[in-house]
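Before any comments, here is the structure.
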Amino acid sequence: MPLGVTPSQTAKRAVFPLAPHGEDVEMSFTEHLRELRNRLFISIAAVLVVSLAAFPAMPVILKFVERRFLPGIALHVFSPAEVIRVELKLSILVGLVVAFPIVLYEVYAFVAPALDKRIRRRIVWYALPSFAMSALGIGFCGWVVLPYVIRALLKFTASAGLVGTYQLDPTVGFIAILLGIFAVIFQLPIVLSILASVGLVNAAMLASKWRQATVVF
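So the sequence shown is numbered by my numbering: it starts at 321 and just counts up by one.
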């Protein structure tokens with residue numbers, strides 16, 4: 321420990337490798353908090369800006385959802401504020417999805433100085449395929465799975481001799497949840513690739529466990 325520097329002063333400072341140049345830079349605890357605050361502000365602002373920009377288009381999006389996934393089905397509302405509530409939820413969801421790359425970058429930029437250069441390269445290398453697989457999962461669910469699931473559920477309701485009354489909020493929520501589930505499921509190849517790169521799984525292990533993997537998937 322340098323002369324004249326107390327342990328408490330040393331504890332207040334941290335040394336991290338700088339991401340772009342690989343050099344060391346000292347940042348105090350206060351500076352870390354300030355950087356965290358700035359990156360949180362940018363992330364929240366990005367989500368809010370996209371959400372506000374998307375809000376006027378929500379009636380069009382709701383009409384598209386109704387035509388695409390619920391043809392011939394009348395959606396009902398049971399409170400005066402239900403439509404505006406659903407549109408607000410959808411606009412925030414759109415904001416989160418569209419601004420997610422910005423949020424992810426801000427998180428990465430905050431933690432990157434503390435990461436090894438090899439780990440940083442892996443994160444960047446997996447980021448774009450991860451986004452692409454999420455989009456593919458959402459598209460597959462929306463154009464293949466959801467129409468089939470909704471038709472099957474409607475037939476099941478009719479076979480029970482019941483007439484469904486479908487409320488806007490839970491119906492749109494069901495669609496959004498199913499889309500999100502498939503976005504996560506389609507991350508499985510990325511997760512397996514990461515696990516294989518660190519030696520936790522291999523081709524022989526996956527081949528021997530294909531039945532269990534099929535059931536889980």
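Beta carbons: idealized from backbone N, C-alpha and C, even for Gly. Predicted model, so just to flag it, every value in this text is computed and none were measured.
Just to confirm the assignment, what range does the alpha helix (DSSP H) spanning residue i have?
i, result
"ILE501", "488-505"
"ASN358", "349-374"
"THR477", "466-479"
"VAL511", "508-517"
Run the CB neighbour count on residue i, radius 10 Å, all protein chains shown included, and call it buried at 16 or more, exposed below.
i, result
"GLY519", "exposed"
"SER454", "buried"
"LEU456", "exposed"
"THR477", "exposed"
"LEU499", "buried"
"ALA419", "buried"
"LEU488", "buried"
"PHE389", "buried"
"MET525", "exposed"
"ALA472", "exposed"
"LEU466", "buried"
"ALA432", "buried"
"VAL385", "buried"
"GLY342", "Note on GLY342: pLDDT 46, under 50, position unreliable in the model; no value is reported."
"ASP344", "Confidence in ASP344 is poor, its pLDDT being 48 and thus under 50, which makes the residue's placement too unreliable to answer from."
Confirm the yes/no value for this check: CB of residue i, any heavy atom of the ligand ZN, distance under 7 Å.
i, result
"GLN487", "Ligands in the displayed structure: none, and consequently the ligand ZN is not present."
Less than 8 Å between the C-beta atoms of residue i and residue j, yes or no?
i, j, result
"GLY415", "SER450", "no"
"TYR486", "ILE393", "yes"
"LEU444", "ALA366", "The sequence given here has Val at residue 444, not Leu. Not a contact, by the Cβ cut-off of 8 Å."
"PHE305", "CYS461", "Because the chain here runs from 321 to 537, residue 305 falls outside it and cannot be looked at."
"PHE430", "GLU351", "no"
"ALA374", "SER348", "no"
"VAL417", "VAL492", "no"
"ILE510", "TYR446", "yes"
"SER517", "ARG442", "yes"
Contact defined as beta carbons within less than 8 Å: I believe residue i pairs with residue j. What is the distance between those atoms, to the nearest angstrom?
i, j, result
"LEU547", "ALA496", "Absent from the structure is residue 547, since the part of the chain shown begins at 321 and ends at 537."
"ILE362", "GLU402", "ILE362 to GLU402, Cβ: 33 Å. No contact."
"LEU512", "VAL504", "LEU512 to VAL504, Cβ: 14 Å. No contact."
#### Entry: Runs of alpha helix (DSSP H) lying entirely within the segment 375-439, each at least 4 residues, in chain order
Whole alpha helix (DSSP H) segments, 4+ residues: 378-389 and 402-431.
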